[in-house]
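Protein chains: 2
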Amino acid sequence: MQQPFWLQGDESAHDVVLSSRYRLARNLPGQPFPGRSDWRSRVQVAALVERAVKHEFPHWKVLKGEELSPLIREVFFEKHLISAHLKDNPEGTLVILSPEARFAILVNEEDHLRFQFLLPGFQLAGAWRELLKVESRLERLLGFAFHEQYGYLTSCLTNVGTGLRVSVMLHLPALGVAGSLPATLNNWPDKGIEFRGMFGEGSSLGEGFVQLSNKVTLGSDIPTLNSRVLCSADELIALERRARTELVTHFTTKVTDSVHRALALLSEARLMSSAEATMHLSAVRLGACLGILPQFPVRYLLRLLVGMRPGHLQLQAGRFLEPHERDENRATFIRSQIRNLVEDKRDG
Amino acid sequence: MQQPFWLQGDESAHDVVLSSRYRLARNLPGQPFPGRSDWRSRVQVAALVERAVKHEFPHWKVLKGEELSPLIREVFFEKHLISAHLKDNPEGTLVILSPEARFAILVNEEDHLRFQFLLPGFQLAGAWRELLKVESRLERLLGFAFHEQYGYLTSCLTNVGTGLRVSVMLHLPALGVAGSLPATLNNWPDKGIEFRGMFGEGSSLGEGFVQLSNKVTLGSDIPTLNSRVLCSADELIALERRARTELVTHFTTKVTDSVHRALALLSEARLMSSAEATMHLSAVRLGACLGILPQFPVRYLLRLLVGMRPGHLQLQAGRFLEPHERDENRATFIRSQIRNLVEDKRDG
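From first to last, the protein sequence lines are chains A and B.
Numbering-wise, numbering that gives the first Met the number 0 puts 24 at position 25 of the first sequence, and it's gapless, one number per residue.
Numbering-wise, numbering that gives the first Met the number 0 puts 141 at position 142 of the second sequence, and it's gapless, one number per residue.
Set out below in structure tokens:
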């Protein structure tokens with residue numbers, strides 16, 4: 000499977016930002032929302048959308064959710080191509096992918112259509128325009144449910160309006176180490192901004208993968224929503240960079256020690272849980288950004304972070320793995336990847 | 000400083016036994032024990048012993064305890080050449096060393112003379128004969144305090160009789176990991192045997208450095224005492240080897256993981272406490288014995304274990320080091336030693 004576009008790396012603020020993502024919720028008029036619809040209605044919606052997509056984007060892949068194996072759905076979920084909801088409820092859904100999975104359209108998830116636009120690095124400047132182009136080409140054929148006063152209608156109230164959710168995945172290890180991350184996020188001045196974890200909570204260097212997005216989509220237009228997220232992200236990036244400078248200035252040896260320990264364990268362990276690997280990859284990523292590990296291509300670590308998830312490991316193994324087997328396969332996978340990285344650099 | 004003989008390594012049961020040691024307490028008649036003597040008496044005793052040693056062993060080095068700097072005393076203590084008592088109370092003492100420090104005679108420590116015979120590996124078979132030869136050559140000149148009923152008289156009652164303490168330093172990591180070590184030692188069938196730690200207590204793989212010795216020296220002769228210690232050591236060695244086989248058979252991946260992690264951290268950390276280093280060196284030593292790290296010369300690790308102690312680090316640095324500086328120097332020392340080891344092997 001080719002790497003999705005968003006996992007291919009980008010230079011824009013890549014020291015702090017892993018990826019940017021847009022999501023647009025749309026529904027067809029005169030059809031019940033997927034959560035309330037019967038089988039026949041879901042099939043009708045899927046057929047309408049498929050026809051429109053094939054007309055506008057003949058090269059895009061249209062996959063039936065229930066024809067994807069649970070393992071492939073898990074892998075798609077880990078690559079952020081589909082939602083947890085679609086992964087667990089594939090009946091009557093479609094997963095539509097543009098080349099390199101820049102765009103993914105989920106059909107009959109919570110809404111009839113969820114457009115996703117996935118980008119590497121920090122790319123919130125005008126990327127929404129590209130998404131809107133895709134959306135409007137389909138809107139011309141399908142016509143989306145729209146209310147003059149509320150805007151686009153969606154199954155969940157928080158999405159009514161623009162139907163847009165803009166999010167960036169941030170890596171904030173220095174704020175995490177400094178211990179100020181929870182307070183910083185809880186007291187964030189813009190109350191229209193929401194924070195979530197990437198892979199659950201941690202407490203050491205592993206802490207610090209944070210997803211920032213807008214909370215509601217109503218009562219605003221797309222450029223305004225976009226710049227609200229952009230502003231908050233900019234501010235957090237600046238805070239994290241300042242915290243990194245502090246860290247390197249006042250705790251040089253401690254940070255260097257932690258980074259080298261993390262890399263040593265990733266390079267040599269024979270068993271490793273997902274939580275431990277996340278923690279060490281976070282430390283190595285920080286080390287690579289700070290120049291402690293200049294041999295490490297920062298962008299590559301994100302692919303490791305995704306590739307070591309249970310679905311990916313099981314796809315690679317070609318079978319179901321018990322948790323202890325996963326820990327063994329994960330350690331082997333990470334070890335070999337890191338060895339390759341180091342050897343690539345040595346040869347190059 | 001040349002490595003003492005006991006740190007040069009030996010093949011005898013070196014998978015479990017680090018070193019063997021004999022100690023013989025003797026006193027001159029008609030002189031108060033050092034703990035009760037005045038300065039004049041200590042000077043007299045020291046002069047008598049020095050004259051006798053120079054007569055019998057003209058090549059041995061005679062050092063005045065109070066002329067050794069605190070740092071050198073610390074280093075001697077870490078090399079097990081002098082006792083904690085002499086390290087802290089050097090006034091009026093002598094430290095007499097044979098070539099390679101096979102023998103060390105401490106004068107005016109708790110007793111007028113303490114003969115020490117330090118050997119690498121498991122060498123309890125007949126080594127006491129060699130010690131007695133040294134002792135009797137000095138006894139002919141000095142005459143030691145002896146009571147027909149009690150035997151040799153000593154300042155502490157537990158040493159009266161033969162004045163002999165036989166000890167072996169054991170590495171019992173598999174019993175430590177299995178958790179059975181405390182119970183095994185507490186319920187040891189021979190109540191004449193005593194167990195102590197080498198560098199304090201630990202709780203993971205680091206646990207397992209244990210010193211085994213006879214408890215009292217009265218009411219027995221030297222060959223009997225010696226074989227009592229020998230028997231108990233033999234039994235513990237067998238128990239540890241069985242535990243290692245169990246470990247490797249049932250927890251192969253877990254053990255391999257722990258060993259590689261330990262080596263990775265020793266090879267890459269930039270800060271390391273003495274306790275952490277001991278724990279990792281123990282795991283690496285186990286790995287070397289089990290063939291998980293075939294490149295590691297087992298005997299060498301003992302020298303690392305001694306060389307990373309605070310006195311050695313400060314001697315190398317040429318100055319007093321704060322604890323956090325020691326942790327940094329220790330990590331650097333261990334890292335470079337391990338790199339040398341690996342490179343030596345690669346070149347050879």
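Just so it is clear, CB atoms sit at the ideal spot from N, CA and C, and this is done for glycine as well.
None of the values given here were measured: they were computed from a predicted structure.
Taking Cβ-Cβ distances shorter than 8 Å, what residues in chain B pair up with A:Ser266? For the purposes of this step, residue 266 of chain A is taken as the residue at position 267 of the first sequence. Those are Ala263, listed as they occur along chain B.
If I measure Cβ to Cβ from B:Ala126 and keep anything under 8 Å in the same chain, skipping five residues before and after, which residues do I get? Start at 1 with the first residue of the second sequence, and residue 126 of chain B comes out as number 127. Taken in chain order, the residues that qualify are Ser19, Tyr21, Phe116, Leu118.
Please find out if some non-hydrogen atom of the ligand MG comes closer than 7 Å to the beta-carbon of A:Glu109. The ligand content of the structure shown is nil, which means the ligand MG is not present either.
Check whether the Cβ atoms of A:Phe114 and A:Leu47 sit closer than 8 Å, and answer yes or no. By one-based count along the first sequence, residue 114 of chain A stands at place 115. By one-based count along the first sequence, residue 47 of chain A stands at place 48. Going by C-beta atoms, A:Phe114 is not nearer than 8 Å to A:Leu47.
If the cut is a Cβ gap below 7 Å, which residues of chain B does A:His279 touch? As a working mapping, residue 279 of chain A is identified with position 280 in the first sequence. Within chain B, no residue comes near A:His279; the closest Cβ sits about 11 Å away, beyond 7 Å.
For B:His249, does the count of other Cβ atoms within 10 angstroms reach 16, so buried, or fall short, so exposed? For the purposes of this step, residue 249 of chain B is taken as the residue at position 250 of the second sequence. Result: exposed.
Could you say which of A:Ala12, A:Pro31, A:Arg101 lies nearest to A:Trp5 if we only look at CA atoms? Locating residue 5 of chain A in the first sequence gives position 6, where the first residue counts as 1. Residue A:Arg101 is the option with its Cα nearest to A:Trp5.
Could you check the C-alpha separation between B:Cys230 and B:Pro188 for me, to the nearest Å? For the purposes of this step, residue 230 of chain B is identified with residue 231 of the second sequence, where counting begins at 1. For the purposes of this step, residue 188 of chain B is identified with residue 189 of the second sequence, where counting begins at 1. About 11 Å.
Looking at the C-beta of B:Arg269, does it have a partner C-beta in chain A at a distance below 8 Å? Mapped onto the second sequence, residue 269 of chain B falls at position 270. Yes, B:Arg269 lies at the interface with chain A (some Cβ there is under 8 Å from its Cβ).
Validate contact between the segment 288 to 300 of chain A and the segment 22 to 37 of chain B using beta carbons, cut 8 Å, 3 pairs: no
Members of the segment 236 to 252 of chain B near chain A, C-beta cut-off 7 Å: Residues are counted here when their Cβ sits less than 7 Å from a Cβ of chain A; for the segment 236 to 252 of chain B these are Thr252, given in chain order.
Rounded to the nearest angstrom, what separates A:Val159 and A:Thr153 at their Cα positions? Locating residue 159 of chain A in the first sequence gives position 160, counting from the first residue. Locating residue 153 of chain A in the first sequence gives position 154, counting from the first residue. Their backbone Cα atoms lie some 5 Å apart in a straight line.
Below-8 Å beta-carbon distance, B:Asp256 vs any chain A residue: As a first step, residue 256 of chain B must be located in the second sequence, where it is residue number 257. True, the Cβ-Cβ gap to chain A drops below 8 Å.
Measuring only between beta-carbons, confirm whether A:Ser260 sits less than 8 Å from chain B. By one-based count along the first sequence, residue 260 of chain A stands at place 261. In the sequence under discussion, the amino acid at residue 260 of chain A is Arg, which differs from the Ser named in the question. With 8 Å as the cut-off, A:Arg260 counts as an interface residue toward chain B.
From the DSSP output, in three-state form, read off B:Met168 for me. Locating residue 168 of chain B in the second sequence gives position 169, where the first residue counts as 1. Shown here, B:Met168 sits in a strand according to DSSP, grouped into three states.
Given this structure, state the Cα-to-Cα distance separating A:Gly347 from B:Arg308, to the nearest angstrom. Here residue 347 of chain A refers to the residue found at position 348 of the first sequence. Here residue 308 of chain B refers to the residue found at position 309 of the second sequence. Since pLDDT at A:Gly347 reaches only 45, below the 50 mark, its modelled position is unreliable, and no value is offered.
Residue range of the unbroken beta strand (DSSP E) whose run includes B:Ser179: Taking the first residue of the second sequence as 1, we reach residue 179 of chain B at position 180. Element bounds for B:Ser179: n/a, residue is neither H nor E.
Would you say B:Glu193 reaches chain A, if we count a Cβ-Cβ gap shorter than 8 Å as a contact? Counting from 1 along the second sequence, the entry for residue 193 of chain B is found at position 194. B:Glu193 does not count as touching chain A.
Between A:Gly73 and A:Glu138, what straight-line distance do the alpha-carbon atoms span, to the nearest angstrom? On the first sequence, residue 73 of chain A is found 74 positions in, with the first residue counted as 1. On the first sequence, residue 138 of chain A is found 139 positions in, with the first residue counted as 1. The sequence shown places Glu at residue 73 of chain A, not Gly. Rounded to the nearest angstrom, the two C-alpha atoms are 30 Å apart.
7 Å Cβ cut-off: residues of chain B touching A:Glu327: Here residue 327 of chain A refers to the residue found at position 328 of the first sequence. Listed by position along chain B, the residues whose Cβ is nearer than 7 Å to that of A:Glu327 are Thr252.
Whole-angstrom distance between A:Ala282 and A:Ser257, CA atom to CA atom: The residue you call residue 257 of chain A lines up with position 258 of the first sequence. The residue you call residue 282 of chain A lines up with position 283 of the first sequence. Going by the C-alpha atoms only, they are around 7 Å apart.
I'd like to know whether the C-beta atoms of B:Met168 and B:Leu17 end up nearer to each other than 8 Å. By one-based count along the second sequence, residue 168 of chain B stands at place 169. By one-based count along the second sequence, residue 17 of chain B stands at place 18. It is a contact, given that the beta carbons lie within the stated cut-off.
Looking only at DSSP bridge pairs, what is B:Leu118 linked to? In the second sequence, counting from the first residue as 1, residue 118 of chain B sits at position 119. Note: B:Leu118 sits in a beta bridge opposite B:Ser19.
Strand pairing of B:Ser212, partner residues [DSSP]: Taking the first residue of the second sequence as position 1, residue 212 of chain B is located at position 213. B:Ser212 pairs with B:Ser166, B:Glu193.
Check for me: the beta strand (DSSP E) holding A:Ser102 runs from which residue to which? In the first sequence, the residue the question calls residue 102 of chain A occupies position 103. Here residue 102 of chain A is Phe; the residue named in the question, Ser, does not match the sequence. Its beta strand (DSSP E) spans residues 102 to 106.
Which of helix, strand or coil does DSSP assign to A:Lys60? Here residue 60 of chain A corresponds to residue number 61 of the first sequence, with the count starting at 1. Here A:Lys60 sits in strand by DSSP.
Which residue marks the beginning of the alpha helix (DSSP H) containing B:Val94, and which one marks its end? Mapped onto the second sequence, residue 94 of chain B falls at position 95. Looking at the DSSP string, B:Val94 is not in any alpha helix (DSSP H); the run it does join, the beta strand (DSSP E), is 93 to 96.
Is DSSP giving B:His356 helix, strand or coil here? Coverage of chain B is limited to positions 0 through 347, which leaves residue 356 of chain B absent and any answer about it impossible.
Would the segment 82 to 96 of chain B and the segment 326 to 333 of chain B be scored as touching if the rule is three or more Cβ pairs under 8 Å? Segments in contact, no.
Helix, strand or coil: how does DSSP classify B:Tyr149 here? On the second sequence, residue 149 of chain B is found 150 positions in, with the first residue counted as 1. Coil.
Given a cut-off of 8 Å on the beta-carbon distance, is the pair A:Ile348 and A:Ala12 in contact? Since the first and last residues shown for chain A are 0 and 347, residue 348 of chain A lies out of range.
Taking C-beta to C-beta, are A:Glu10 and A:Gly310 nearer than 8 Å? By 1-based counting over the first sequence, the position of residue 10 of chain A is 11. By 1-based counting over the first sequence, the position of residue 310 of chain A is 311. Taking a C-beta distance under 8 Å as the contact criterion, A:Glu10 and A:Gly310 do not qualify as a contact pair.
With DSSP run on the structure shown, which of helix, strand or coil describes A:Arg269? Within the first sequence, numbered from 1, the residue matching residue 269 of chain A stands at position 270. Residue state, collapsed to three classes: coil.
Can you tell which of A:Gly150, A:Val305, A:Val61 has its C-alpha closest to the C-alpha of A:Ala274? Within the first sequence, numbered from 1, the residue matching residue 274 of chain A stands at position 275. Considering only alpha carbons, the answer is A:Val305.
Closest Cα partner of A:Tyr219 within the set A:Gly150, A:Leu265, A:Ser212, A:Met271: Taking the first sequence and counting its residues from 1, one reaches residue 219 of chain A at position 220. For the sequence presented, residue 219 of chain A should be read as Ser rather than Tyr. Nearest C-alpha to A:Ser219: A:Gly150.
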